[in-house]
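**Student:**
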Amino acid sequence: MTDLLGNLKRTHHCCQLRNTDIDTHVILMGWVQHRRDHGGVIFIDLRDKEGITQIVFNPENSKAVHEKARDIRSEYVLGVKGKVIARPDDMLNPNMETGAIEVLIDELYIFSKAKTPAFLIEDRVEASESIRLQYRYLDLRRPQLKKNILARHQATMAIRNYLDDKGFVDIETPVLTKSTPEGARDYLVPSRVNQGEFFALPQSPQLFKQLLMIAGFDKYYQIVKCFRDEDLRADRQPEFTQIDMELSFVNEEQIMEIAEGMIVAIFKRVRDLDLVTPFPRITYDDALSRFGLDRPDLRFGLELCEVSDIVKDAGFKVFANVVKNGGLVKAINAKGCATFTRKQIDELTEFAAVYKAKGLAWIKIKEAEWQSPIAKFFTDHEKEALKNRLDLEPGDIVFFVADQPKITNEALGQLRNELARRLELISDDTYNFTWVTHFPLLDYDETEKRYQALHHPFTAPLEEDIEKLTSDPLAVKSRAYDLVLNGIEIGGGSIRIHSPELQSKVLHCLGIDDTQANEKFGFLLDALASGAPPHGGIAFGLDRLMMLLCGEDSIRNVIAFPKTQKATCLLTEAPSKASPAQLQELAIKVSKLEE
RNA sequence: GGGGGUGUAGUUCAGUUGGUUAGAACGCUUGCCUGUCACGCAAGAGGUCGCGAGUUCGAGUCUCGUCACUCCCGCCA
62 MTDLLGNLKR THHCCQLRNT DIDTHVILMG WVQHRRDHGG VIFIDLRDKE
112 GITQIVFNPE NSKAVHEKAR DIRSEYVLGV KGKVIARPDD MLNPNMETGA
162 IEVLIDELYI FSKAKTPAFL IEDRVEASES IRLQYRYLDL RRPQLKKNIL
212 ARHQATMAIR NYLDDKGFVD IETPVLTKST PEGARDYLVP SRVNQGEFFA
262 LPQSPQLFKQ LLMIAGFDKY YQIVKCFRDE DLRADRQPEF TQIDMELSFV
312 NEEQIMEIAE GMIVAIFKRV RDLDLVTPFP RITYDDALSR FGLDRPDLRF
362 GLELCEVSDI VKDAGFKVFA NVVKNGGLVK AINAKGCATF TRKQIDELTE
412 FAAVYKAKGL AWIKIKEAEW QSPIAKFFTD HEKEALKNRL DLEPGDIVFF
462 VADQPKITNE ALGQLRNELA RRLELISDDT YNFTWVTHFP LLDYDETEKR
512 YQALHHPFTA PLEEDIEKLT SDPLAVKSRA YDLVLNGIEI GGGSIRIHSP
562 ELQSKVLHCL GIDDTQANEK FGFLLDALAS GAPPHGGIAF GLDRLMMLLC
612 GEDSIRNVIA FPKTQKATCL LTEAPSKASP AQLQELAIKV SKLEE
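Oh and the first sequence: position 81 is 142 in the working numbering, straight run, nothing missing.
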């Protein structure tokens with residue numbers, strides 16, 4: 062039988078005791094990390110949320126307690142009462158915070174026995190992801206994961222304290238809500254009371270927070286779950302958490318300043334780092350031109366350089382034709398990397414192909430000549446121009462991508478990041494924040510043959526661009542901004558449209574007529590017509606932010622109970638089939654039944 | 001929807017050209033051990049080689065299918 066807790070009350074956590082506590086009588090509770098039974102003396106590393114303390118059972122101290130301790134196994138849950146004693150001078154453990162002391166046990170309570178765990182509960186043990194997810198409660202006992210989850214708590218506390226100080230109000234918005242048009246697939250929830258009708262889980266509280274501004278709450282925030290039924294990635298889960306906020310009577314600068322203050326508070330609290338603000342800004346156009354991506358990693362150089370004008374008449378038809386057809390030829394000079402082998406170049410070509418680049422041209426700059434499959438196609442004049450534009454010196458290798466602008470930028474931008482990884486140009490522990498501003502308002506969807514909001518349909522266009530909405534929609538810049546950390550988008554927002562006239566103008570641009578608009582979000586248009594303050598906001602991905610703060614490469618490691626890549630939960634085995642009775646109540650027929 | 005990787009003991013992995021009884025480490029069990037801290041020593045248990053077909057005298061190994069986990073492309077306003 063196991064022991065009951067009774068009136069036993071913990072006096073200390075397992076990381077608290079030090080030299081100064083020697084001779085104190087203490088009560089600790091925790092899990093058995095390790096047992097070292099020497100036949101006589103038994104050592105146990107007792108672990109709780111805070112840390113580990115070594116406890117000792119010595120038959121000379123109490124024969125009965127020692128005898129009982131012999132049955133202890135890994136992950137048993139114990140309560141122990143004993144005296145803090147100094148370890149012998151040559152037995153100190155400098156690797157443990159509590160390594161100067163140990164607790165000599167007088168009373169032992171075994172609250173729970175435990176099955177042998179499926180994997181060792183230690184950071185150094187790499188269990189596979191599926192076994193870790195299946196036994197998530199064991200995985201969460203590991204110090205690293207526990208540290209991440211606790212850091213997440215510190216971050217949300219820092220956020221709440223900071224925003225509360227700034228006068229923000231935490232307001233909950235509905236989880237059972239209306240399907241929003243455009244954007245990701247919704248998770249649907251059938252309504253029993255309204256058979257045949259469905260709620261959608263929110264992809265973001267976007268419309269509700271705008272309504273709260275119209276209602277006059279002025280500054281709103283919420284740390285809130287959002288849902289998107291799309292395929293997963295290392296940094297994408299079907300349910301994820303946003304730090305969502307919205308403010309009235311503010312412009313972009315004021316929102317970015319508040320957001321920067323919040324990020325500073327988080328990093329101070331979690332990492333004890335003092336970030337420098339304001340964060341640098343770069344326009345969307347500059348980001349694409351110099352780094353190829355709208356989320357540039359500015360921890361290293363390797364900037365992209367356009368050479369379309371130089372190669373437009375070159376004998377190398379691939380380049381010339383791309384320029385003729387409105388494409389872009391851009392290059393990266395990898396300084397001193399002419400030593401790349403054929404194999405390395407092939408790998409990089411394959412890498413670029415993932416992003417649709419049809420090829421990766423290269424030139425190695427040697428002392429005497431250019432070594433390259435394409436060098437022979439260039440005139441001396443073109444070579445000289447390339448040399449000057451790209452600052453080519455002996456020992457360099459330069460990579461070219463020639464394609465439509467979108468592909469050239471994406472492929473070369475990704476190649477830039479890959480080169481930096483391979484060349485180890487990125488120092489750990491560097492946090493590089495960059496605001497990307499002046500996004501286009503729209504882009505053109507080739508498959509659906511219509512304009513689409515790049516951000517969302519409620520984003521305000523730049524005032525000076527409003528006229529172009531009819532004449533040249535793609536040239537319209539928006540008042541949207543993203544915050545990028547180390548090349549990863551961690552947040553984004555915009556000033557919203559607060560005029561109903563402008564809102565319907567933008568909706569028209571998107572091919573949504575008044576009837577459809579009323580059907581889909583008439584309530585918003587109505588609200589906008591009822592006295593809407595100028596307003597805007599921003600939302601941060603808490604999971605991604607924590608991933609970067611914790612040095613993890615998957616957000617699953619900062620989420621207590623994450624889903625697999627197929628959006629299932631290995632622990633609870635959700636999702637699962639509904640019973641026929643449930644389905645009947647909901648008036649739902651499942652067409653794809655298992656045979 | 002597409003491409004790549006992985007799947008062998010409780011866990012992490014090895015397993016050669018298709019060939020005798022499928023191995024290692026850790027963990028686990030038992031015994032010994034009073035100063036370990038990833039304790040030590042000795043012995044032992046533990047396998048539907050993800051699953052299903054096929055080729056073969058013979059399959060962990062080859063082929064096809066399928067499932068799971070994972071990385072990426074598409075997708076994610």
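By construction, the Cβ of each residue, glycine as well, lies at the ideal position given by its N, Cα and C atoms.
Taking all protein chains shown into account, decide if L211 is buried (16 or more other Cβ within 10 angstroms of its Cβ) or exposed.
**Tutor:** exposed
**Student:** What's the gap between the Cα of I83 and the Cα of I146?
**Tutor:** 5 angstroms
**Student:** What did DSSP end up calling A422 once you bin it into helix, strand or coil?
**Tutor:** strand
**Student:** If C75 sits next to R96, beta carbons under 8 angstroms apart, how far is it from one beta carbon to the other, in whole angstroms?
**Tutor:** That pair is no contact at about 15 angstroms.
**Student:** DSSP three-state label for H127, please.
**Tutor:** Per DSSP, reduced to three states, the secondary structure at H127 is helical.
**Student:** With 16 other CB atoms within 10 Å as the buried threshold, where does P455 fall?
**Tutor:** Flag for P455 reads exposed.
**Student:** Which term fits Y345, buried or exposed, when burial requires 16 or more other beta carbons within 10 angstroms of its beta carbon?
**Tutor:** buried
**Student:** Terminal residues of the continuous alpha helix (DSSP H) containing P561?
**Tutor:** P561 to C570
**Student:** Do the segment 421 to 436 and the segment 445 to 462 meet, that is, are 3 or more Cβ pairs less than 8 angstroms apart?
**Tutor:** As far as the Cβ criterion goes, the segment 421 to 436 touches the segment 445 to 462, which means the pair count is three or higher.
**Student:** Considering K378, what are the terminal residues of the alpha helix (DSSP H) in which it resides?
**Tutor:** K378 to K385
**Student:** Would the segment 469 to 477 and the segment 386 to 404 be scored as touching if the rule is three or more Cβ pairs under 8 angstroms?
**Tutor:** yes
**Student:** Could you name the residues of the same chain whose beta carbon sits closer than 7 angstroms to that of S123, not counting the 5 residues immediately before and after it, in chain order?
**Tutor:** D167
**Student:** Tell me S555's beta-bridge partners as DSSP assigns them.
**Tutor:** A541 and G598
**Student:** Please name the residue in M607, R148, L165 and Y137 whose C-alpha comes closest to that of S173.
**Tutor:** Nearest in C-alpha terms to S173, of all of M607, R148, L165 and Y137, is Y137.
**Student:** Give me the Cα-Cα distance between Y248 and C570, rounded to the nearest whole angstrom.
**Tutor:** 28 angstroms
**Student:** Go to F352, then tell me how far its alpha helix (DSSP H) extends in each direction, as first and last residue.
**Tutor:** Segment Y345 to F352, the alpha helix (DSSP H) holding F352.
**Student:** What ranges does the alpha helix (DSSP H) occupy inside the segment 300 to 378, keeping only unbroken runs of at least 4 residues that lie completely in it?
**Tutor:** 313 to 332, 345 to 352 and 369 to 372
**Student:** Considering only residues of the same chain and omitting the five flanking positions on each side of K444, which have a CB-CB separation below 8 angstroms?
**Tutor:** W431 and A436
**Student:** In this structure, does DSSP put P455 in helix, strand or coil?
**Tutor:** P455 falls in the coil class under three-state DSSP.
**Student:** Just checking my contact of D504 with L515 at CB under 8 angstroms: how many whole Å lie between their CB atoms?
**Tutor:** 5 angstroms
**Student:** In the DSSP output, which residue or residues are listed as bridge partners for S173?
**Tutor:** According to DSSP, which records beta bridges pairwise, S173 is partnered with V138.
**Student:** Would you say the beta carbon of A635 is closer than 8 angstroms to some non-hydrogen atom of the ligand SAM?
**Tutor:** Absence of the ligand SAM from the depicted structure is noted, as is the absence of any ligand whatsoever, leaving it without description.
**Student:** So what's R483 in DSSP terms, helix, strand or just coil?
**Tutor:** helix
**Student:** Work out the CA separation of I103 and L69 for me, nearest whole Å.
**Tutor:** 23 angstroms
**Student:** Can you tell me whether E656 is buried or exposed, with buried defined as 16 or more other CB within 10 angstroms of its CB?
**Tutor:** Caution applies to E656, whose pLDDT of 38 falls short of 50 and renders its modelled position unreliable; the value that the coordinates give is listed next. That one is exposed.
**Student:** Quick check: the Cα distance between R79 and E485, rounded to an integer number of angstroms?
**Tutor:** Separation of R79 and E485 (C-alpha to C-alpha, rounded to the nearest whole angstrom) is 41 angstroms.
**Student:** In terms of residue numbering, what span does the alpha helix (DSSP H) encompassing I220 cover?
**Tutor:** P204 to D226
**Student:** Can you give the beta carbon distance from A320 to I599, rounded, assuming they're within the 8 angstroms contact cut?
**Tutor:** 5 angstroms
**Student:** Count the other CB atoms within 10 Å of the CB of D464; is the residue buried (16 or more) or exposed (fewer)?
**Tutor:** By the beta-carbon neighbour count (other beta carbons within 10 angstroms, threshold 16), D464 is buried.
**Student:** I need the boundaries of the alpha helix (DSSP H) containing T410, first residue and last residue.
**Tutor:** For T410, the uninterrupted alpha helix (DSSP H) segment begins and ends at R403 to V415.
**Student:** From K110 to E190, what does the alpha carbon distance come to, in whole angstroms?
**Tutor:** Rounded to the nearest whole angstrom, the CA to CA distance from K110 to E190 is 22 angstroms.
**Student:** So what does DSSP say about V236, is it helix, strand or coil?
**Tutor:** coil
**Student:** Let me know the secondary structure DSSP gives A147 once reduced to three states.
**Tutor:** A147: strand per DSSP, three-state reduction.
**Student:** Taking the C-alpha atoms as reference points, what is the distance between T531 and L421?
**Tutor:** 39 angstroms
**Student:** From D374 to I275, what distance separates their C-alpha atoms?
**Tutor:** Roughly 57 angstroms separates the two Cα atoms.
**Student:** Looking at the secondary structure, which residues open and close the beta strand (DSSP E) in which G91 lies?
**Tutor:** H86 to D98
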